[in-house]
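A short write-up of the structure that comes next.
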Amino acid sequence: MNASATSTAQVAPVPERRRPSPNTIVFVLSLCGIVVSLQQTLLLPLLPELPKLLDTSTDSASWLVTATLLAGAVATPTVSRLADMYGKRRMMVTALVISLAGSLLGAISELLPLLIAARALQGVGLALVPVAIAIMRDELPREKVPLGVAIMSATLAVGAGIGLPLAGLIANHLDWHAIFWLTAIVAALLLVTAIAVLPESPVRTRGTFDLRGAILLSAALTALLLAVSKGSMWGWTSATTLGLTALGLALIGIWIPLELRTPSPLVDIRVAARAPVMVVNIVSVFAGFAMFTNMLVTTQFLQMPEATGYGLGLDVLETGWWMVPNAAAFGLMAPVSAWMTRRYSPQLTLLVGTALMTAAYAARVFLSDDLFQIVFGSVIVGVGTALAYGALPTLIMRAVPVTETASANGLNVLLRSVGTSTASAVTAAVASASAIMVGEAMAPSKDALTLALWLAAGASLCATAIGLPTLRMRAFSEEWDRAGTEQIGAETRVVRGRVVSADGDPIRNAVVTVLTPDGVAIDWGQADSEGRFNAAIPRPGDYLVVTAAEGWQPRSWVMDLDDSHPLPPIVLRQRYTLSGVITDAEDEPVVDALVVLTRATGEVVDTIRTDHEGRYLIPRPTNGRYVLTVSSREGALGARPVTVWEYARSVDLRLGTPLA
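Oh and the sequence shown: position 633 is 637 in this note's numbering, straight run, nothing missing.
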């Protein structure tokens, strides 16, 4: 069947100008990642000195780190969603402007509240990472995307590796405000470069920004991350820590149902709940934990006094220089991660990386006695992390629609940040629980650092075990990003449509897949609470559109998708049902009997009464095992198990004799 149908998509006008080369785009976006990492790490080595410099307490000075963490967590999903809706380049520039403002505010400030505000503004820069990855998917040829995202992931570690020794040099030779001046200058140069070089992607979704969802998620993340980051200072069982944890979980409990009902949600829970996406996101939490533990434990081994029995007693600058090999490993392994992704698969690349991290951490438990062992062990963990981090964005992009690239990667980056925050909190808790007195100061014992290494090994092992099912998942097939070979930025269209029943009611969670007439997958979209979906196409033309929803007869036809006519509703007419006839012991139909369908786990699914012929009809539930129970008005009862799978089912039941 041919349908004359077209897009109502918003396609932003793109100025006529020479488009930059793929290498230029990767270079500029990678610099953005380095700037973000510099802003996050440059201040860390100075934290022990800041209470004296600012005439404040250690607890108050720690808010300079906490503010960046919270702002980054809140900004990442919000900016990522805005990028999908209003333009990725626009939100890149916006985030850079905010980060630049934070650097300038910090450079001229002496008061702690202003410096905390400056660090919060700098934290917004963390949202640049998922947006940059989304730009790469839109603009790079398919074969260059794995390398681009691997380099982008590596820049965070490279920036940290540069930042640590650079902070030591500044601390030794310049005023501490120079840290903010440096990041301001770099951010300003990068802002001008981004405006001049980066193209604006026309791949956008339309709709109203989910302000309620953004506020609720921001409040929930703030409460939970405050509890995690400050729990070691406030006490893990204190009323404040437990109260913030309970508040955060309660807000998440409110937020998830709200997102499912919102037509244009901040985070598409329907997509995030799909098994391939959920598995990758869970792996990201454990990988983030393992990655950050490496930096925390390694710096402890290098900096702790020799009197501890394990520390090397290096100063900030020396420690920074010995962390450079770790950052260099990240950068050098990015092309290797991309090659493995192209040659084999991102799933295998991820698993090799996490397995290598597991083995390296287990070895470090026994081999951390001298400088070579400490640095070499850190580098091997970094190699594994580079492989895993390089594969994660590719896995996400292959498992989500093109129109959800930025927001889906934003959620993934956020969950990696949750992992790093948890690593920081757990390491601090372990260190404080097993502290020893060294001179007049407290220091973590070697047993504490050994336990942290075992925990990181366990996290890496969990990431490997959880990631194993990805090897069998079709969602990560290269076919799903095949559209990258055909995408020409200025011509890309985003078609919008609606999936409804014959009565015009929206069909939630319907999946619409767009393919070329030759069967090459282009994109897909999942219908929201109003049955609306988005899908990207490289150019106007005929496409094979396949629409499926659980419990409904699927439909497929060739449609002419362009921008001259609105896309008509896709109507699914035949709904699968569970039906049958209820009879008594004499094989006579039982009229007005109560029919109850319950899950095998006990939940009631539906209830209905039989008609004048003893028939019942229930919309087919989701696949699974159920129990069909019938009770007549005379007291006769009957029950039988029912397995529902794919198609309509007809289940008859003969009732027994009435109960005495």
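We put the CB at the ideal spot given by N, CA and C, even for glycine.
Quiz prompt | Integer Cβ distance of GLU1 from SER205, believed to fall under 8 angstroms | solution = Within the shown structure, residues of the chain are numbered from 5 to 664, placing residue 1 beyond reach of any answer.
Exercise. Please classify VAL524: is it buried, with 16 or more other beta-carbons within 10 angstroms of its beta-carbon, or exposed?
Key: exposed
Exercise. Please classify ALA487: does DSSP put it in a helix, a strand, or coil?
Key: Caution applies to ALA487, whose pLDDT of 46 falls short of 50 and renders its modelled position unreliable; the value that the coordinates give is listed next. Helix, per DSSP.
Practice problem: Would you check if the distance between the CB atom of ARG216 and the CB atom of GLN530 is smaller than 8 angstroms? | Solution: no
Quiz item: Starting from ASP564 and walking both ways along the beta strand (DSSP E), at which residues does that stretch end?
Solution: 559-565
Quiz item: In its own chain, which residues sit with a C-beta less than 7 angstroms from the C-beta of ALA9, not counting the 5 before and 5 after it?
Solution: Per-residue confidence for ALA9 stands at a pLDDT of 39, beneath the threshold of 50, marking its modelled position as unreliable; the derived number appears in the next sentence. Result list for ALA9: MET563, ASP564, LEU565, HIS569, LEU571, PRO572, in chain order.
Quiz item: Secondary structure at ARG274, three-state DSSP: helix, strand or coil?
Solution: helix
Exercise. Counting only the same chain and skipping the five closest in sequence on each side, list residues whose C-beta sits under 7 angstroms from that of LEU415.
Key: PRO81, VAL271, ALA276, ASN285
Quiz item: Are there three or more Cβ pairs, one per stretch, closer than 8 angstroms when the stretch 320-331 is compared with the stretch 165-182?
Solution: yes
Quiz item: If you run the structure through DSSP and keep just helix, strand and coil, what is GLN578?
Solution: coil
Quiz item: In the stretch 577-622, which residue ranges form an unbroken beta strand (DSSP E) of at least 3 residues, counting only runs that do not cross its ends?
Solution: 581-587, 598-603, 608-613
Exercise. Compute the Euclidean distance between the alpha carbons of GLN307 and ASP527, then round it to the nearest angstrom.
Key: 51 angstroms
Quiz prompt | Inter-residue spacing [alpha-carbon to alpha-carbon] between GLY252 and ALA223 | solution = 7 angstroms
Practice problem: Just tell me which of ASP509, SER157, ALA363 has its CA closest to the CA of VAL340. | Solution: SER157
Self-check item: ILE541 - partner residues in DSSP beta bridges
Solution: ARG497
Practice problem: Could you check which residue in GLN43, ARG536, GLY555, THR520 has the C-alpha nearest to that of PRO542? | Solution: THR520
Self-check item: Beta-carbon proximity check, PRO55 vs ALA65, cutoff 8 angstroms
Solution: yes
Practice problem: Within 10 angstroms of the Cβ of PHE537, are there 16 or more other Cβ atoms? Answer buried if so, exposed if not. | Solution: buried
Exercise. Under 8 angstroms by Cβ, that's how I've got LEU659 and ASP588 pegged, so tell me the actual separation to the nearest angstrom.
Key: 5 angstroms
Quiz item: Nearest to TRP561 by alpha carbon, out of ILE378, THR581, ASP522, MET89?
Solution: ASP522
Quiz item: When the Cα atoms are used, what is the spatial distance from GLN126 to THR602?
Solution: 53 angstroms
Exercise. Give the secondary structure of GLY239 by DSSP, where H, G and I count as helix, E and B as strand, and everything else as coil.
Key: coil
Exercise. Would you mind working out which of VAL648, VAL32, ALA250 sits nearest ALA200, comparing C-alpha positions?
Key: VAL32
Quiz item: Anyone know if the C-beta pair for VAL655 and LEU582 falls short of 8 angstroms?
Solution: yes
Quiz item: When we look at the beta-carbon of ILE112 and count the other beta-carbons within 10 Å, is it buried (16 or more) or exposed?
Solution: exposed
Quiz item: Mapping DSSP to helix, strand and coil, what is TRP649?
Solution: coil
Exercise. Leaving out five residues on either side along the sequence, give the residues of the same chain with a beta carbon under 6 angstroms from the beta carbon of ILE256.
Key: ALA224
Exercise. Run the CB neighbour count on LEU74, radius 10 Å, all protein chains shown included, and call it buried at 16 or more, exposed below.
Key: buried
Quiz prompt | Residue from ALA161, VAL646, ALA87, ILE38 whose Cα sits closest to the Cα of MET337 | solution = ALA161
Quiz item: Using the beta-carbon count (16 or more within 10 Å), is TYR348 buried or exposed?
Solution: exposed
Quiz prompt | Terminal residues of the beta strand (DSSP E) in which ARG476 lies | solution = Run containing ARG476: none; DSSP gives neither H nor E here.
Quiz prompt | Check whether ALA539 and ALA461 have beta carbons under 8 angstroms apart | solution = no
Practice problem: Taking ILE112 as part of the beta strand (DSSP E), name the residues at either end of that continuous run. | Solution: Careful: ILE112 lies outside any beta strand (DSSP E) and carries neither H nor E.
Quiz item: Do the CB positions of GLY129 and VAL69 come within less than 8 angstroms of each other?
Solution: no
Practice problem: Report the three-state DSSP secondary structure of VAL504 (helix, strand or coil). | Solution: strand
Quiz item: Terminal residues of the continuous alpha helix (DSSP H) containing TYR348?
Solution: Per DSSP, TYR348 belongs to no alpha helix (DSSP H) and is neither H nor E.
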